[in-house]
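First comes the structure, then the notes that go with it.
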Amino acid sequence: MTDTPKLSHNETIKTKSRFLRGTLAEGLAEVASGAISEDDQQLIKFHGIYLQDDRDLRAERAKRKLDKAYSFMARLRVPGGVLSREQYLAMDKLSDERGNATLRLTTRQSIQFHGVIKTNLKPALRQIDNVLLDTIAACGDVNRNVMCTPNEFLSPVYAQVEQTARAISTHLLPRTFAWREVFLDGEKITAEPESEPIYGATYLPRKFKIAIAVPPQNDVDVFAHDLSYIAIIKNDEVIGYNVVAGGGMGATHGDPETHPRLAESIGYCAYDEAVAVAEAVVTVQRDYGNRANRRRARLKYTIEDRGLAWFKEQVNARLVTKLQRARAAKFADNGDRMGWHTGADGLHHLTLFIENGRVADAGDWRLKTALKRIAEQNPVSFIITANQNLIIARADADARQDIEATLAAHGVALRASVLREAAMACVALPTCALALAESERYLPSLITKLEALLSQHGLEKQPVTIRMTGCPNGCARPYIAEIGFVGRNPGRYNMHLGGAADGSRLNRIWVEDADEETILQTLSPLIAEYAKSRKIGEGFGDFVTRKQIV
Ligand code: SRM
Ligand code: SF4
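For what it's worth, my numbering labels the leading residue of the sequence shown as 3, then goes sequentially.
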């Protein structure tokens with residue numbers, strides 16, 4: 003008898019997959035069903051794709067004894083969120099031709115296409131490949147899209163950070179040729195047996211996420227990821243990074259073994275060492291992460307179970323240059339710099355508010371068409387932020403004028419209220435299989451009510467970070483918001499209070515399973531007290547924490 007725990011089924015799927023191929027080619031060729039096999043549904047995630055169904059239609063279709071309305075969601079890999087205008091236009095076209103005619107900017111600086119039916123999947127990926135983009139490793143048990151404080155065009159410091167994000171993303175890409183072979187009908191590479199020098203044949207125990215921030219902005223929420231870098235700048239140059247590890251948001255209602263966790267400092271590395279540090283951290287997790295229980299398989303639990311000192315020792319043992327003592331660094335907030343900004347070279351950059359990241363047209367509000375026109379008419383670049391907004395970058399004076407006129411002509415406002423601009427919701431219904439409650443479709447109306455509540459107390463200019471998710475997985479990073487709503491049941495949320503405005507503190511549950519009336523009734527006296535007795539400059543999250551309300 004051995005007491006080695008049984009590996010999870012996903013480990014068997016990976017082992018047997020022949021470097022992420024499984025029976026994907028056969029499953030996608032099968033036209034009788036819009037779905038693929040259950041094991042392939044796990045494998046296809048490594049290629050940035052999920053099988054979903056329209057949950058709005060489930061009950062009706064079940065009544066009529068019809069199969070679910072299946073389609074795929076495809077997610078791009080875009081380190082740092084940067085797209086050329088040609089790439090943006092191609093993605094816009096793709097969403098019309100192969101998806102549900104919307105682009106969904108994500109909390110990891112990427113784009114998701116929803117509603118891609120099976121016969122459209124391979125053509126969609128070919129269109130993505132044609133503009134030198136891909137969906138490789140956008141999901142699955144590998145390193146995901148690497149985020150960084152956006153806008154490499156703003157100054158050399160931001161460009162340096164973007165370079166690190168790209169270098170880490172490339173270094174940690176799976177080496178298998180499966181993506182090209184399965185989706186682009188690429189030729190089988192038979193000359194050499196494939197290998198995964200970093201991951202090995204069974205990849206990581208679970209997803210892995212990396213982010214890089216340029217203080218004082220913590221706009222990528224560095225404490226929420228498996229591994230993050232905080233830029234240390236001297237004489238306008240990034241000389242190195244403070245490194246933090248072991249963060250993560252995901253939890254499961256009623257399972258005390260799971261919980262959100264903030265990343266902790268493990269030291270400092272020189273600028274050129276960042277990629278080596280990423281490989282060292284990833285391989286420690288590869289070797290020691292929990293492969294039996296997927297709910298405890300993230301790096302945060304490996305560190306929690308074995309201790310931070312052990313973890314640092316393991317990482318250092320894999321590095322030629324050991325991590326040094328962390329340097330001083332301070333964050334101000336975790337929001338985006340909204341509106342127009344001018345770079346060192348005199349070019350203008352607009353951070354445009356995109357409510358919950360959904361780029362669409364609806365009635366007189368034609369955001370999607372406006373962005374398309376802007377891309378067609380001006381030599382600009384597009385950068386997705388980790389707060390689901392979009393930077394239209396590198397505009398000269400003429401382009402700036404044209405951008406403003408085009409947005410106005412399509413009914414799109416440049417700015418929203420401070421409350422709305424700082425809010426985020428995950429996708430949730432109708433596409434997310436795990437949603438317990440609405441999020442993207444509900445938060446805008448709740449924000450309108452909260453705006454009214456704050457202005458009753460003269461607080462309409464006070465930014466408060468509000469984040470909502472349709473389940474406890476935490477895709478909009480709600481556990482570090484000043485007010486977080488986590489879906490529990492249809493129309494009901496756990497309300498969390500007390501996150502810090504710079505994303506450096508977890509909030510706590512204040513009310514469980516609350517409907518809208520309870521949310522507003524509970525918040526009303528707290529907001530009134532905040533208006534009356536806050537200190538100068540004190541955020542709402544800091545206030546409820548100082549007053550020991552949470
Ligand atoms: Fe997420 C799963 C959407 C960022 C934690 N996430 C999902 C799935 C794929 C549902 C599923 O597994 O079937 C959602 C697809 C919904 C849909 O219909 O589009 C989904 N996650 C998203 C996005 C689109 C939310 C958004 O509104 O932008 C974000 C895509 C990011 C990207 O471009 O890569 C997204 N997800 C996050 C984040 C935030 C982040 O990474 O900064 C988190 C919390 C951080 C973390 O990972 O700890 C997050 N998603 C999860 C989890 C919980 C993981 C855990 O450790 O427990 C799941 C469920 C899972 O993995 O089992 C999940
Ligand atoms: Fe879906 Fe939950 Fe993520 Fe929202 S938080 S997108 S409901 S998995």
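Even for Gly, the Cβ is constructed at its ideal location relative to N, Cα and C. Fair warning: this is a prediction, and the values are worked out from it, not measured in the lab.
Per DSSP, cross-strand counterpart(s) of residue i
| i | result |
| --- | --- |
| HIS498 | GLY486, ILE511 |
| TRP342 | LEU352 |
| TYR270 | ASN244, GLN326 |
| PHE74 | LEU53, VAL118 |
| GLY250 | ARG263 |
| CYS473 | CYS473 is not bridged to any residue. |
| ASN318 | ASN318 is not bridged to any residue. |
| GLN219 | ASP335 |
| VAL84 | ILE385 |
| TYR1 | With the chain covering 3 to 552 only, the question about residue 1 has no answer from this structure. |
| ARG79 | ASP136 |
| MET149 | ALA213 |
| ARG106 | GLN114, ARG360 |
| ALA427 | MET470 |
| ALA516 | TYR495 |
| LYS236 | GLU239 |
Anticipated Cβ contact below 8 Å, residue i with residue j, distance rounded
| i | j | result |
| --- | --- | --- |
| LEU26 | VAL184 | 5 Å |
| ASN220 | ASP335 | 7 Å |
| ILE232 | ALA331 | 5 Å |
| ARG293 | SER10 | 6 Å |
| LEU78 | ALA140 | 6 Å |
| THR471 | GLU484 | In fact, because the Cβ distance is near 15 Å, the residues do not count as touching under 8 Å. |
| ALA377 | ARG87 | 4 Å |
| ARG300 | ARG208 | 5 Å |
| PHE225 | ALA180 | Actually they do not touch by this definition, with Cβ atoms about 34 Å apart. |
| LYS314 | ILE268 | 5 Å |
| ASP223 | ILE482 | 6 Å |
| TYR273 | ARG327 | In fact, because the Cβ distance is near 17 Å, the residues do not count as touching under 8 Å. |
Cβ-heavy atom distance, residue i to the ligand ATP, below 8 Å
| i | result |
| --- | --- |
| LYS236 | In the structure on display, the ligand ATP does not appear, and the ligands it does have are the ligand SRM and the ligand SF4. |
Distance between residue j and residue i (C-alpha atoms, nearest Å)
| i | j | result |
| --- | --- | --- |
| GLY117 | GLN379 | 29 Å |
| ALA276 | SER447 | 42 Å |
| ASP98 | SER383 | 21 Å |
| LEU452 | LEU445 | 10 Å |
| ASN509 | ALA435 | 26 Å |
| ILE241 | ILE235 | 6 Å |
| MET3 | LEU525 | Because the pLDDT at MET3 is just 46, under 50, the model does not fix this residue reliably, and the value given afterwards should be weighed accordingly. In a straight line, the C-alpha of MET3 is about 56 Å away from that of LEU525. |
| CYS1 | PRO158 | In the structure as shown, the chain starts at 3 and stops at 552, and residue 1 therefore has no counterpart that could be examined. |
| GLU28 | ASP187 | 12 Å |
| CYS428 | ALA478 | 5 Å |
| PHE333 | ILE385 | 22 Å |
| ASP257 | ALA415 | 43 Å |
| LYS349 | GLY82 | Inspection of the sequence shows that residue 349 is occupied by Leu rather than by Lys. Approximately 20 Å between the Cα atoms of the pair. |
| ALA533 | GLU462 | 11 Å |
| ALA399 | THR108 | 29 Å |
| ARG360 | ALA311 | 42 Å |
| LEU321 | GLY309 | 19 Å |
| ASP94 | ARG548 | 47 Å |
| VAL552 | VAL33 | 54 Å |
| ASP289 | THR204 | 11 Å |
| ALA282 | ALA439 | 39 Å |
| MET251 | ALA418 | 27 Å |
| ASP557 | GLY291 | Because the chain is modelled from 3 through 552, residue 557 falls outside the range shown and cannot be assessed. |
| GLU164 | SER171 | 11 Å |
| ARG263 | ILE511 | 14 Å |
| ALA61 | GLU196 | 45 Å |
Query raised in the report: Fully enclosed by the region 163 to 212, which alpha helix (DSSP H) runs are 4 residues long or longer?
Result: 180 to 185
Query raised in the report: Taking contact to mean at least 3 C-beta pairs separated by less than 8 Å, is the region 542 to 550 in contact with the region 500 to 517?
Result: yes
Query - alpha helix (DSSP H) runs wholly inside the region 349 to 403, at least 4 long, in chain order - result: 369 to 379
Report task. Please confirm if the region 59 to 73 is in contact with the region 352 to 365, defined as three or more CB-CB distances below 8 Å between the two stretches. Result -> no
Query raised in the report: Quick one: any contact between the region 203 to 218 and the region 147 to 155, if contact means 3 or more CB pairs under 8 Å?
Result: yes
Query - Three-pair Cβ contact test at 8 Å for the region 284 to 301 versus the region 341 to 353 - result: no
Query raised in the report: Between the region 408 to 427 and the region 365 to 373, are three or more C-beta pairs nearer than 8 Å?
Result: yes
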